[in-house]
Structures are given as structure tokens and as C-alpha cells.
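Protein chains in written order, with our numbering: chain F, 2 to 362; chain W, 71 to 219.
All C-beta atoms, glycine included, are put in the ideal place defined by N, C-alpha and C.
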Amino acid sequence: MRVLGIETSCDETAAAVVESAAGRGGRILSNRVLSQLEEHRPFGGVVPEIAARAHLDHVDRLVAEAMAEAGLGFAELDGVAATVGPGLIGGVLVGAMTGKAIAAVHGKPFVAVNHLEGHALTVRLTDGLDFPYLLLLVSGGHCQLLAVEGVGRYRRYGSTLDDAVGEAFDKVAKLLGLGYPGGPAVERAAAGGDPARFALPRPMKGRPDCDFSFSGLKTAVRQAVEKAVEAAGPLDERARADLAASFQAAVAEVLQDRAARALARFAAELGRPGPLVVAGGVAANRSLRAALAEVAAAAGAVLVAPPPGLCTDNGAMIAWAGLERLRLGAADPLDFRARPRWPLEELSAPVPEPAQWEPAQ
Amino acid sequence: MVLALPDEAATAALAARLAPLLRPGDLVCLEGELGAGKTAFARALINALPGPREEVPSPTFTLVQTYPRDGLEVWHFDLYRLERPGEIWELGLEEALVAGASLIEWPSRAGGLLPEERLVLRFAHAGAGRRVTLEPHGAWAGRLTELAG
């Protein structure tokens with residue numbers, strides 16, 4: 002089975018073709034991602050109108066490139082998948098309409114994919130992982146722990162009560178004058194810093210639930226910056242590095258504590274230790290990955306993370322989520338509406354019945 | 071009007087007094103630096119309106135989130151990432167200003183595109199807590215007397 006996937010829900014325009022492999026996992030035939038990062042850098046963040054326009058400018062070309070690289074014509078596809086939410090509605094509409102149009106013209110089934118489900122199922126494409134597993138989804142807009150029990154079957158253990166982790170990184174980068182994107186900038190600065198110099202809080206640590214909160218940590222960094230500036234004038238490189246390292250250490254400890262709680266709950270409910278999967282843009286941070294590997298090992302679980310290029314937004318994960326749904330016999334009508342807000346738990350599991358479309362050999 | 075908000079309970083109390091005043095078409099601007107308590111107040115206000123308990127995460131990355139409450143839809147905007155004011159039209163502002171109550175963080179990023187008729191809440195750090203200044207514009211001056219009473 003081969004599926005085209007289109008992703009336009011935030012700051013990347015992306016198109017990819019994946020195919021199911023015999024047995025488990027899949028194969029990426031092409032994966033084109035056009036990051037709008039360069040266009041956004043001067044603004045210190047993702048600018049929505051630029052995003053919608055750029056998606057419109059580039060999506061047709063990226064789809065054509067993805068098809069050419071896969072060496073396929075549209076007629077050879079088994080389906081077309083596009084992100085229809087959650088995300089910036091202007092961008093989502095561009096990808097959703099493109100996907101629906103291709104499906105309609107070529108008489109292929111269309112799958113309306115939830116962007117978060119794309120992240121959630123990526124490890125089944127890359128590592129052929131079986132259900133169930135525990136997912137820590139950490140990105141600029143999301144921070145949640147979920148038990149993934151099947152396609153469309155997600156139970157949320159916890160999520161952020163305020164800021165997402167990626168957002169905290171971006172805002173701290175801004176407070177420290179480190180530039181955009183904040184994640185890599187903070188990680189670079191932290192590499193040479195002393196994580197023990199500034200005492201920062203570990204919000205939610207020790208709480209019995211699996212929720213997160215990063216707003217107070219952001220405020221604490223802000224206060225530490227103000228105090229340091231008052232005492233010694235503008236931040237020097239040393240102070241920046243130490244603050245970045247102290248912040249990153251606080252985040253790592255919180256993620257460890259929350260993940261440990263979730264691993265315990267997962268083991269109690271599902272009778273197995275993990276695996277723990279980490280996905281989303283923040284999963285590219287090596288120091289956080291190492292911290293999570295520790296906590297997984299302590300629980301007797303393995304840590305599985307997609308390669309960094311598949312942690313950030315991409316089309317392959319959308320194509321794969323579409324493929325997983327199609328092979329369970331699920332497709333969506335062409336009047337499926339784009340949804341700016343679409344929590345994973347509101348997704349339904351496809352009815353497990355034989356696929357309506359013959360898988361490609 | 072300047073109010074001290076020493077803790078979360080004080081923020082919730084102010085939200086509970088403001089919530090019954092909200093009507094469709096209202097615009098409430100939340101000003102203040104990073105960490106000043108804008109989103110915390112928006113969360114309290116949304117949950118002070120009748121309806122099921124909602125998580126209200128920061129809308130910084132999603133730019134806008136809508137919350138259907140009983141009898142009133144609340145649009146929670148965060149314009150932090152906007153650079154040019156015109157970009158706000160893509161977020162559905164026109165619809166929000168007619169049909170819902172709009173809570174807008176970082177309203178200055180919208181330039182002069184927001185209506186003058188608004189309630190501005192200016193948040194600032196005050197020791198370990200916060201302080202908020204209420205600035206009514208247009209008819210809000212009269213409406214706020216209900217709040218004081």
C-alpha cells in the first residue's frame with residue numbers, strides 16, 4: 002500500500018510518499034520538507050500569514066517533487082492523506098484542500114489525518130513498534146503523555162496546564178537573547194553552562210498525576226535574569242550559558258519525574274514496562290533524550306525516538322498515519338472539515354474490518 | 071482601578087466578578103510582560119464562565135483557541151508571534167468580535183486594528199504576586215461600576 006501525505010499545519014510545508022513493508026513498519030519513498038524557518042527567523046517566531054501564503058506557494062511543487070522522487074504517478078497511489086488539524090487554520094486549509102483535490106481527481110480515498118496522530122504513530126513506521134506504548138509528545142504547541150493502544154485509540158495520562166515545553170524553550174531563549182528557534186539555541190548555550198548555578202523550581206515534580214506546568218519555570222528564569230542584571234549588569238556569555246543549563250536541567254528533571262509516573266501507571270494498566278516513545282520537535286534535544294533514557298531504563302523500559310528529522314513536522318508521518326487508517330478500512334469524506342482544535346482522545350478507532358482497497362503488492 | 075493579586079485565589083476572585091459582565095462582542099485586552107499572569111487570568115476567566123471545566127493552555131503557538139461556554143463562546147488570542155498587524159485577520163478576529171467574547175494577549179501587535187471599545191487589564195509583578203490595572207474604554211467605564219459593587 003502506498004500513500005501520499007501532505008502537512009501544512011504549522012511552519013513546514015511537507016509532502017511525502019510511504020509504503021507499507023511486508024510484516025511490520027514501512028518504507029519512506031520520498032520525504033520533502035520545506036522549512037519556513039529562514040522566513041520566520043527575523044520575526045523571532047512562526048508568523049501565521051507568512052505560513053499560509055508560503056504553504057500555498059510551495060505545496061503543489063513539494064507534492065510534485067515527492068511523487069517524482071518516489072517514482073510514482075497519482076494513479077499508483079492507494080490513498081491521499083492530509084493534516085486537517087489541529088493547527089493554524091489558514092495553513093491547514095491549504096494542505097487539506099490540496100489533498101482532497103488530488104483524491105477527487107484521481108478517484109483515490111482521502112484520509113483526514115490528525116497531526117498529533119502522525120507524531121504518535123511515527124515509531125511504527127520507523128521501528129515497526131507494536132501497540133501498546135507510552136508516548137511523550139513534546140513540541141512547541143504540545144506537551145502530553147498518552148497510552149497508545151491502537152490506531153485512533155489514545156488515552157491521555159497528562160498534559161500541560163499552561164505552556165508547552167517547546168514554548169518554554171522559545172521564551173527562555175528570548176529572555177536570554179539567544180535567538181530563534183529557541184530549542185537548539187538553548188541547548189547550544191547550555192552545553193557549556195553550569196546547571197547548578199541558578200536554583201530554579203521543578204514545577205509539578207512529585208505530584209501523583211502526570212500533568213505538566215512550565216509557566217512558573219519561565220517566570221522564574223525571568224526573575225533570575227532580572228536579579229543577575231541588577232547585580233552585575235547585562236548578562237555575559239557565562240551567565241547566559243549557566244541560566245540555559247539551569248533551565249534545561251529543570252526541564253529534564255520534570256520530564257523524568259512525569260515520565261516515571263506515567264511508566265508506572267502504564268505498567269500497572271497494561272502489564273508491560275513501556276516502551277517509552279518520545280516524539281515532537283523537543284525530542285531532538287540530546288540532553289533531554291539522555292534524561293528520558295535514564296528514567297526508561299530505571300523502569301525496565303526501552304526508549305524509542307524517531308530520527309530527529311522525523312521528530313519535527315514532516316509529511317511522512319502524515320502519509321503513514323493515513324496508511325494505517327486505510328489498511329483498517331477507514332477513509333474520510335471530502336467534506337471533512339478542518340479543525341483548529343482536535344485533541345487526540347477525540348479521535349475514533351477505525352472499525353477493524355477488511356480493507357476496502359486492495360493493498361499494492 | 072488598581073487591584074493587588076497576591077495569589078491565585080485573588081486572580082480567580084477577580085475572574086469570577088468579571089465573568090458575569092461578559093457579553094458577545096466584548097473585547098478584553100491582557101497586557102503585561104512574559105510571566106506577568108495574562109494566560110493565568112484568561113484561564114481563570116474562562117473557567118469562571120458557566121460550562122465544563124476547561125484546560126486552557128497557552129495559545130502562543132496555536133495563536134487562538136476557542137472555548138464554547140454556556141451561552142457565550144470565548145476566543146482566546148495570543149498575538150505574541152505576530153509581526154504585522156494585518157495578520158490578525160487570518161485568525162478569525164472579525165467573527166470573534168461579532169459572535170464571541172475575545173480575550174487578547176499582546177494586543178499591541180494588532181496595531182490600531184482592534185476596536186477602541188475595550189477593557190484593558192495591565193498585569194505586572196508585585197513582589198511574589200501580581201498587580202493588575204483595569205482601564206475601561208467606551209461603555210466599559212459604566213459597566214465596571216457593577217464590578218466595583
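Let me know if GLU347 of chain F comes out buried or exposed under the rule of 16 or more other beta-carbons within 10 Å of its beta-carbon. exposed
Sequence-distant residues of the same chain with beta carbon closer than 8 Å to ARG223 of chain F, five excluded per side: LEU176
Could you give the C-beta distance for LEU97 of chain W and ARG188 of chain W, rounded to a whole number, given that I count them as a contact under 8 Å? 4 Å
Return helix, strand or coil for TRP239 of chain W, following the three-state DSSP convention. The structure shown does not extend to residue 239 of chain W, since chain W is modelled only from 71 through 219, so no value can be given for it.
Verify the CB distance criterion: does LEU128 of chain W have a CB-CB separation below 7 Å to chain F? Checking the sequence shown, residue 128 of chain W turns out to be Ser, not Leu. With respect to chain F, the C-beta atom of SER128 of chain W has a partner C-beta closer than 7 Å.
Going by alpha carbons, who is nearest to ALA112 of chain W out of W:SER172, W:HIS207 and W:GLU157? W:SER172
Please report the distance separating the alpha-carbon of CYS144 of chain F from that of ALA306 of chain F. 16 Å
So, with DSSP's three-state summary, where would you put GLY184 of chain F? helix
Return the bridge partner residues of THR14 of chain F from the DSSP annotation. F:LEU35
Residue interval of the beta strand (DSSP E) (run including ARG139 of chain W): 134 to 139
Please state if the CB of LYS219 of chain F and the CB of ASP258 of chain F are separated by a distance shorter than 7 Å. no
Below 7 Å CB to CB, which residues in the same chain sit around ASN32 of chain F once its five sequence neighbours on both sides are set aside? ALA17, ASN315, GLY316 and ALA317
Positions along the region 168 to 195 of chain F whose CB lies within less than 9 Å of some CB in chain W: GLU168, ASP171, LYS172, LYS175 and LEU176
In chain order, what residues of the same chain have a beta carbon less than 7 Å from the beta carbon of PHE199 of chain F, not counting five sequence neighbours either side? ALA225, ASP243, LEU244 and SER247
Would you mind working out which of F:GLY217, F:LEU201 and F:ALA65 sits nearest GLY199 of chain W, comparing C-alpha positions? Residue F:GLY217 is the option with its Cα nearest to GLY199 of chain W.
With distances taken from CA atoms, which of F:GLN249, F:LEU162 and F:ALA232 is nearest GLY1 of chain F? In this structure chain F extends from 2 to 362, so residue 1 of chain F is not present and cannot be described.
Does ASP58 of chain F have its Cβ less than 7 Å from a Cβ in chain W? no
Please report the distance separating the alpha-carbon of GLY300 of chain F from that of LEU345 of chain F. Here residue 300 of chain F turns out to be Ala, not Gly, going by the sequence shown. Computed Cα separation, rounded: 26 Å.
Leaving out five residues on either side along the sequence, give the residues of the same chain with a beta carbon under 7 Å from the beta carbon of VAL149 of chain F. ALA121, PHE132, PRO133, TYR134, LEU136 and TYR155
According to DSSP, simplified to helix, strand and coil, what is PHE193 of chain W? strand
Identify the contact partners of THR136 of chain W in chain F, using a Cβ-Cβ distance below 9 Å as the criterion. PRO341 and ARG342
is_contact[LEU84 of chain W, chain F] using C-beta, thresh 7 Å: no
Where the region 103 to 116 of chain W meets chain F: residues whose CB sits under 9 Å from a CB there: GLU103, LEU104, GLY105, ALA106, GLY107, THR109, ALA110 and ARG113
Can you name the residues that DSSP bridges to ASN115 of chain F? As computed with DSSP, ASN115 of chain F is found in a beta bridge with F:GLY86.
Which same chain residues end up closer than 6 Å to TRP159 of chain W when comparing Cβ atoms and leaving out the 5 residues on each side of it in sequence? So no residue of the chain qualifies.
In whole angstroms, what is the alpha-carbon distance linking GLY80 of chain F and GLY156 of chain W? 37 Å
Measure the CB-CB distance between ALA169 of chain F and PHE215 of chain F and report whether it falls below 7 Å. yes
Candidates F:LEU162, F:VAL4 and F:ARG290, of which the one nearest VAL67 of chain F by Cα: Looking at the sequence provided, one finds Ala at residue 67 of chain F rather than Val. The shortest C-alpha separation from ALA67 of chain F is found at F:VAL4.
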